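Residue numbering for the sequence shown follows UniProt numbering, beginning at 1 and increasing consecutively.
Quick reminder that beta carbons are idealized off the backbone N, C-alpha and C, glycines included.
Every value quoted in this text rests on a predicted model; they were computed, and no experiment measured them.
Have a look at the structure below, then the notes.
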Amino acid sequence: MIPFELARPRSLTEAIALLDPEDPDIRPMGGGTAVMLMMKAGVLRPTRLVSLRDVEPEYAQVGIGNNGELQIGGLTRLATLEHSPLVKEGWPLLARTLRTLSNVRVRNVATIGGNLAHADPHMDMPPVLSSLGARVTIQGPNGERTVPVEQLCTGYYETVLARDELISRVIVPPQAGRPAAYMKVTTRASHDWPALGVAVVLDMQGAAIRQASVIVGAATDRPTRLTEAEALLRGAEPSDEKTLRHAGEAGAAQLDIVGDSHGTASYKKQLLKVYLGRAVRTALAAVNSRGTAFEGHA
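Written out as structure tokens, the structure reads:
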């Protein structure tokens, strides 16, 4: 391994100053799970790693804002979110998803900001947070800006973040009892990388779907909103199997699905046709048991 500098700043401002917008070999490091794997694989040979473990503790806290939004510090551990009473009570979709994300060892060290910044298209949190309308606060040398999570990823391992910017906070609007489900289809263990992930959040009007937020992950180079499927679901009743089937077919037709080691493009397309409708039904069924649904491996 090539020697590198390990910097341990005490503040987020100091950490940002240690980054270089022109140097891809200087990297920030939260939990370090992805960075260490990339270094072991030889795809990352940093000259400097900027550890974020010693910055202000406010960036590792979870709270509720004045308008009821969930405020998550960018350095909050995934395990902290998983066990947070606030998250369990108000955002069951997040709580349920986190329990099946990677494994306990990773969740104990990985941070939410690092998870989103890594931009692996197979990750579970980006589609789930996107379906909830979450946004991130990004801090850099010129101040702060806010970006919807849905717009954060731009391609494989690529985001709108500049090299000298960090995710300081994740803000999630209230789930407010809306039916929601994340259907994660894996070929092995439930915590494995998904062949397909479908996140659904519904706004109901009586027995009908007033609005639907449908985001798919692991099928393309970034989490993608299925606008055609959302349009078909608008005004539909979940008991209408024909509409659910058409929504799944429309979602599959909308995407240029990419095959990988977790499944061929045709396999993922078929999964989407089936699991979109299943996600809608499971979201509504979960309301009766006061929870959020998750589907394991298929």
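Given this structure, state the Cα-to-Cα distance separating GLN270 from PRO148, to the nearest angstrom.
29 Å
Rounded C-beta distance between LEU214 and GLY259? I'm assuming under 8 Å.
According to the sequence displayed, residue 214 carries Val and not Leu. About 21 Å; that fails the 8 Å criterion.
Indicate whether LEU52 and TYR59 have their beta-carbon atoms separated by less than 9 Å.
yes
Distance check for ILE112 and LEU75, CA to CA, integer angstroms please.
6 Å
When THR264, TYR275 and ASP256 are compared against ALA247, the one with the closest alpha-carbon
TYR275
Buried or exposed: where does ALA283 fall if 16 or more other Cβ atoms within 10 Å of its Cβ makes it buried?
buried
Cβ of VAL200 within 9 Å of Cβ of VAL280?
yes
Range of the contiguous beta strand (DSSP E) that encloses THR154
153-155
If we count Cβ pairs, one from each stretch, closer than 8 Å, do we get three or more for the region 227-240 versus the region 145-161?
no
Who are the near neighbours of ARG169 in its chain, counting only those whose CB is closer than 8 Å to its CB and skipping five residues on each side?
TYR59, GLN71, ILE72, GLY73, GLY74, VAL136 and THR137
So, with DSSP's three-state summary, where would you put GLU249?
helix
Can the beta-carbon of ALA198 be found less than 9 Å from the beta-carbon of TRP91?
Reading the sequence as shown, one finds Val at residue 198 and not Ala. Not a contact, by the Cβ cut-off of 9 Å.
With a threshold of 6 Å on Cβ separation, who are the neighbours of ILE2 within its own chain once the five nearest residues in sequence on each side are excluded?
ARG45
Would you report the Cα separation of GLN211 and GLN205, rounded to the nearest angstrom?
9 Å
Is the beta carbon of ALA110 closer than 9 Å to that of THR186?
no
C-alpha gap between PRO238 and ALA181, whole angstroms
14 Å
What do you get for GLU5, buried or exposed, if any count of 16 or more other CB atoms within 10 angstroms of its CB means buried?
exposed
Report, in whole angstroms, the separation of the C-beta atoms of GLY143 and ASP164, which I expect to be a contact under 8 Å.
Going by Cβ atoms, the distance from GLY143 to ASP164 rounds to 12 Å, so no, they are not a contact pair.
Output needed for VAL106: all residues of its chain with C-beta closer than 7 Å, excluding positions within five of it in sequence on either side, in chain order.
THR33
Judging by CA-CA distance, which residue of GLY63, GLU56, ASP23 and GLN61 is the nearest neighbour of LEU49?
ASP23
Taking LEU101 and ASP124 to be in contact with their CB atoms under 8 Å, please state how far apart those CB atoms are, rounded to whole angstroms.
5 Å
To which residues of the same chain is MET38 closer than 7 Å at the C-beta, ignoring the five residues directly before and after it?
LEU44
Distance CB(VAL216)-CB(PRO127) smaller than 9 Å
yes
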